[in-house]
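Asker:
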Amino acid sequence: MIKMSHAQRLRDLLEDAIVEGRFPPGIKLDPEALGREYQCSRTPIREALQQLAASGMVKVVPKRGTFVTQLGVSELVERFEVMAELEAMCGRLAARRITTQELSELKDAHAACRERLEADDANGYYYENGLFHHCLYRASHNAFLTEEATRLHAILKPYRRLQLHVRHRMHSSYAEHEAIVAAIEAGDAAAAEQALKDHVHIQGERFTDLVANIERLHEVGLHDVP
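Going letter by letter, the sequence shown gives residues 7 to 232 in my numbering.
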């Protein structure tokens with residue numbers, strides 16, 4: 007069993023709080039207040055914030071402090087475009103390289119998504135959806151691609167979570183997963199690539215729905231935007 011450091015556990019807790027909207031985009035994170043809330047010293051707080059800054063979830067502004075990353079609409083669209091291309095590449099490579107064990111893990115993650123969908127549990131679906139995508143990254147058997155996809159996935163976490171709260175999005179997301187799994191199992195690299203690209207890329211009504219949700223999320227933290 008891997009032993010996690012205090013900083014890593016704290017980083018996970020802070021990441022969850024950001025994703026859940028407790029620390030909305032633009033809000034300033036106070037190390038002393040965080041230390042009191044999570045009952046830990048300044049060192050793990052500092053290390054956890056450094057890890058979050060490395061992943062892009064927070065931004066350190068010299069002489070002003072650390073702020074939860076707030077992306078403008080154009081910046082967000084750019085990142086989703088890159089994410090769609092990275093995941094499409096993962097899908098193409100996974101269709102050719104996935105092992106029997108990895109395919110079993112992907113199907114298990116897909117089944118777990120179905121359970122959360124049937125329970126109408128958007129937050130639970132979001133967690134299982136993350137495991138599904140990370141299975142795909144690993145199945146690409148390209149360590150650099152996996153690292154970059156994982157890093158950008160972390161940056162987009164709060165926004166991908168917001169998408170799942172749009173009406174019927176869980177159902178369409180699951181249906182898209184079905185197509186992805188089928189293409190990868192069939193070894194159809196082109197179909198897997200296109201299915202992943204369509205799954206991640208935001209356009210049309212999905213774009214306007216996401217923008218509306220982002221505006222609501224930003225309203226909470228606008229007074230602290232650096």
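Every residue gets a Cβ at the ideal spot worked out from N, C-alpha and C, and that includes glycine. Here the structure is a predicted model, which means the values were calculated and not measured.
Going by the CB atoms, is the gap between H207 and A90 shorter than 8 Å?
Answerer: As a first step, residue 90 must be located in the sequence shown, where it is residue number 84. As a first step, residue 207 must be located in the sequence shown, where it is residue number 201. Closer than 8 Å, so yes.
Asker: How would you call A39, buried or exposed, if buried means at least 16 neighbouring beta carbons within 10 angstroms?
Answerer: Your numbering for residue 39 matches position 33 in the sequence shown. Its Cβ having fewer than 16 others within 10 Å, A39 is exposed.
Asker: Do you know offhand how far D126's Cα is from H205's?
Answerer: Along the sequence shown, read from residue 1 onward, the residue named residue 126 stands at position 120. Along the sequence shown, read from residue 1 onward, the residue named residue 205 stands at position 199. Taken atom to atom, the span from the alpha-carbon of D126 to that of H205 is near 20 Å.
Asker: Looking only at C-alpha atoms, which of Q45, P37, A149 sits nearest to Q56?
Answerer: Here the question's residue 56 lines up with position 50 in the sequence shown. The shortest Cα separation from Q56 among Q45, P37, A149 belongs to P37.
Asker: So, does the CB of V83 fall closer than 8 Å to a CB anywhere in chain B?
Answerer: No chain B appears in this structure, which consists of one protein chain only.
Asker: Report the three-state DSSP secondary structure of V172 (helix, strand or coil).
Answerer: Along the sequence shown, read from residue 1 onward, the residue named residue 172 stands at position 166. It is coil, neither helix nor strand.
Asker: Hey, quick one: how far does the alpha helix (DSSP H) through K203 stretch, first residue to last?
Answerer: Taking the sequence shown and counting its residues from 1, one reaches residue 203 at position 197. Counting along the chain, the alpha helix (DSSP H) containing K203 begins and ends at 195-206.
Asker: Apart from the five residues on each side of it in sequence, which residues of its chain come closer than 7 Å, Cβ to Cβ, to H147?
Answerer: For the purposes of this step, residue 147 is identified with residue 141 of the sequence shown, where counting begins at 1. If we look at H147 and ignore the five residues flanking it on each side, its Cβ neighbours are L99, R103.
Asker: Considering only their Cβ atoms, is the gap separating S61 from R157 smaller than 8 Å?
Answerer: What you label residue 157 is simply residue 151 of the sequence shown in a count that begins at 1. What you label residue 61 is simply residue 55 of the sequence shown in a count that begins at 1. It is a contact, given that the beta carbons lie within the stated cut-off.
Asker: Alpha carbon to alpha carbon, how far is K69 from Q76? Give it in angstroms, no decimals.
Answerer: The count along the sequence shown starts at 1 and reaches residue 76 at position 70. The count along the sequence shown starts at 1 and reaches residue 69 at position 63. Spanning the two alpha carbons is a distance of roughly 18 Å.
Asker: Compare the beta carbon distance of R85 and A54 with 8 Å and say whether it is the shorter of the two.
Answerer: If you number the sequence shown from 1, residue 85 lands on position 79. If you number the sequence shown from 1, residue 54 lands on position 48. No, the Cβ-Cβ distance between R85 and A54 is not below 8 Å.
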